[in-house]
Amino acid sequence: MLSRLQLATRVIKGPIQARTMASKASSFVKYNWQDPLNLDSQLTEEERMVRDAAKDYCQEKLQPRVTEAFLNEKFDKDIMQEMGELGFLGSTIDGYGCAGVSSVSYGLTAREVEYVDSGYRSAMSVQSSLVMHPINAYGSDAQKEKYLPDLGKFEYHPQILILTTSSIFVMRPINIAKGTKIGCFGLTEPNHGSDPASMVTTAKKVNGHYVINGSKTWITNSPIADVMIVWAKNLDEDGAIRGFILERGMAGLETPTIHGKLALRASITGMMMFDNVEVPEENMLPNVKGLKGPFGCLNNARYGIAWGALGAAEACLAQAREYTLERNQFGRPLAANQLIQKKLADFNSEIAIGLQACLQVGRLKDAKMLAPEMISMVKRNSTVKALEIAREARDMLGGNGVSAEYNIIRHSNNLEAVVTYEGTKDMHALILGRAITGMDGHSCIVSFKPRPKAPVICGHPGFSDSGDIRQGRWNNTTMNGAYLTGLPREMMRSVAGFPTYGRSFYLARATLDPPTSLCKTLFPAIDEWHDRLAAKELSPDTNDPIQPSATANEFIKVIKMLRKTFIQDSVLMMELRPCHPIWQHSICSDPAFLAFKKDLLQMEAQEHNSAHTLLQQ
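Just so we're on the same page, the numbering used here is the position in the sequence shown counted from 1, plus 99.
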């Protein structure tokens, strides 16, 4: 009798099974390294045609220009007009002379443009996502009619019929612009990059128009822009961030070029300086207030960057593959080496997987099922992986890898900037981390110390700072409150409304508005004391158990410590944050009090008596 193993072996060798296995094998297709996961099969017919048209234009018109543009730090303004005529600019906007294609079509276009150069894609995405999008999404009808056709300029041509929607097939009249305009987007400031909430550019309404003062930097297209979207704090709305449309030629507006870049040299970058620039009231974007305005624009642009960066990575892969196949060392092509093949396989895998993620995000975007964190994920993933690929590919070319002839060093330099702008990889990691944990990690990171061992904050004189604590800043708007520890029992008993837990004292955020309520709640007599001290009534009163000079000294010490010692889960604010609402407009910033404090410190230097307890009964 045959064993089970022999039976299994005979079955496997049998002609019927062999035919079945052959049939299964024939169901596979040949691997296409240029489209490993068959992205093409997931696109609509219109999306394929958009991609092919973009590829033809980029290879025929952009590729021949790019090396000279990069070496000479030169941007050809005609490129914007050419892109406008092809429907690349503001392509997802429906109407106003724009093509009205899908988000995936826009991403595919960005991919083809950045296959040539990141600088060209930057110019295109700024115009589309950061200038035309906010006007379309947040602007008035009058603003849309005035600016979008000039910025987008899309005409009907039979050879680019593929870029049109069904409305073009029936030859609907289009509002054709008289001339192409170039736009730019002003958010980043010299001292505020990843922290736009701290911008210092301001707008104030004066006689029916807004007066803007401040500056912006690292602004793509600014030296040649005709239309500028500028974000500023409106002083008439308590500093709310608002968007304004500025135009070339406004008095007090300057846009100097930033020279000497080693990345994105084929696009033009500059600053924006506003010296009492008068902007008509109707130029303010009426339908958005706060950071959600610029962030909405940035999310659109980041989506295009995610596609585009992978286009640059594809160019590096193609160049490295071609070079290693042709380059012979030790009697055979470099590509025959296992290490080279491993690197090419890594490149191919990362690009293919990244493109699938971009495609899915694009579909969700059009279906209105998009979460902003998805864009952070693909922007971060694409740019980080693309930069790694460019660096490795440059190394594979040896000395030739640093030559402009082979393009890879240009892509590598460009991607160093792309991974940084519109949200660094670390900032996007924090966005994702917050979504995963529900905790904002933007603020505090240093060292740790358990809450039970938290240092005394205030109370008796002689408290000391502790260097072994986890430091941070209370700039997290999601915080519910703060813990104070080590307060005198008399103080904790005398203040109503705040629960105490053991030796901790919890302050709810709601009780800290307005800002002065913190001081007024902790020290019920603080206003009286302040008035006395500010008036410099320092003569001792034998009937008063609290000597004024000692009280003043302790008052200053406690206020100083409170500036340092807000706690949330053992996280201490160890530096003064004068811009935070808690400290704005407080008595500590009052000029009279500051002058008094100076005098008091001089008196303290001459005083020999020890200070009394702050809340001496």
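C-beta: ideal position from N, C-alpha, C; glycine also.
- Looking at the DSSP output, Trp-330 sits in a beta bridge with Gly-342.
- Counting every other CB atom within 10 Å of its CB across the protein chains shown gives Ala-470 a total below 16, marking it as exposed.
- Between the C-alpha atoms of His-510 and Glu-380 there is a straight-line separation of about 43 Å.
- Contact between the segment 384 to 402 and the segment 230 to 238 is present, with at least three C-beta pairs closer than 8 Å.
- Here the alpha carbons of Leu-334 and Gly-410 stand approximately 43 Å from one another.
- Leu-136 carries a coil assignment under DSSP once its states are collapsed to helix, strand and coil.
- Annotation for Pro-379: the continuous beta strand (DSSP E) segment containing it runs 368 to 379.
- Annotation for Ser-201: Asp-465 place their beta carbon closer than 6 Å to its own, counting only its chain and skipping 5 residues before and after.
- Here Met-370 is buried, its C-beta having at least 16 other C-beta atoms within 10 Å.
- Between Ile-328 and Leu-185 the beta-carbon gap is near 23 Å, outside 8 Å, which marks them as no contact.
- If you look at Gly-313, you'll find it in the beta strand (DSSP E) that goes 308 to 319.
- In the DSSP assignment, the residues bridged to Val-305 are His-308.
- Boundaries cannot be given for Cys-157, as no beta strand (DSSP E) includes it and DSSP labels it neither H nor E.
- Its Cα nearest to that of Ser-481, the residue Arg-210 stands out among Thr-191, Thr-368, Glu-159 and Arg-210.
- Of the other Cβ atoms in all chains shown, 16 or more fall within 10 Å of the Cβ of Asp-249; this residue is therefore buried.
- The Cβ atoms of Arg-347 and Met-383 lie no closer than 7 Å to each other.
- In the three-state scheme derived from DSSP, where H, G and I count as helix and E and B as strand, Thr-356 is classed as strand.
- For Gly-282, the enclosing beta strand (DSSP E) starts and ends at 282 to 285.
- Here DSSP, grouped into helix, strand and coil, assigns Gly-395 to helix.
- In the same chain as Met-372, and ignoring 5 residues on each side of it, the C-beta atoms closer than 6 Å to its own belong to Ser-314 and Glu-353, in chain order.
- A Cβ-Cβ distance of about 18 Å is found for the pair Gly-407 and Arg-147, leaving them out of contact under the 8 Å criterion.
- Here Gly-389 has Ala-339 and Ile-340 as same chain residues with Cβ atoms under 7 Å from its own Cβ, once five neighbours each way along the sequence are excluded.
- Separation of the CB atoms of Ile-311 and Ala-296 is rounded to 18 Å, and the pair is thereby denied contact status at 8 Å.
- At a Cβ-Cβ threshold of 7 Å, Gln-418 and Ile-507 count as neighbours.
- Per DSSP, Cys-457 has no beta-bridge partner at all.
- Counting other Cβ atoms within 10 Å of its Cβ, Ala-485 reaches 16 or more and is therefore classed as buried.
- Of the candidates Gln-428, Leu-424 and Gly-532, Gly-532 places its Cα closest to the Cα of Ser-475.
- In summary, Ala-222 is buried, with 16 or more beta-carbon neighbours lying within 10 Å of its beta-carbon over all protein chains present.
- Put simply, the backbone Cα of Leu-188 is about 7 Å away from that of Gln-226.
- Rounded to whole angstroms, the gap between the alpha carbons of Ala-350 and Val-378 is 10 Å.
- If you compare the alpha carbons of Leu-361, Tyr-309, Ser-321 and Ala-241 with that of Thr-368, the shortest gap goes to Ser-321.
- Annotation: the continuous alpha helix (DSSP H) that includes Met-526 extends over 524 to 536.
- Pro-289 places its beta carbon 7 Å or farther from that of Thr-319.
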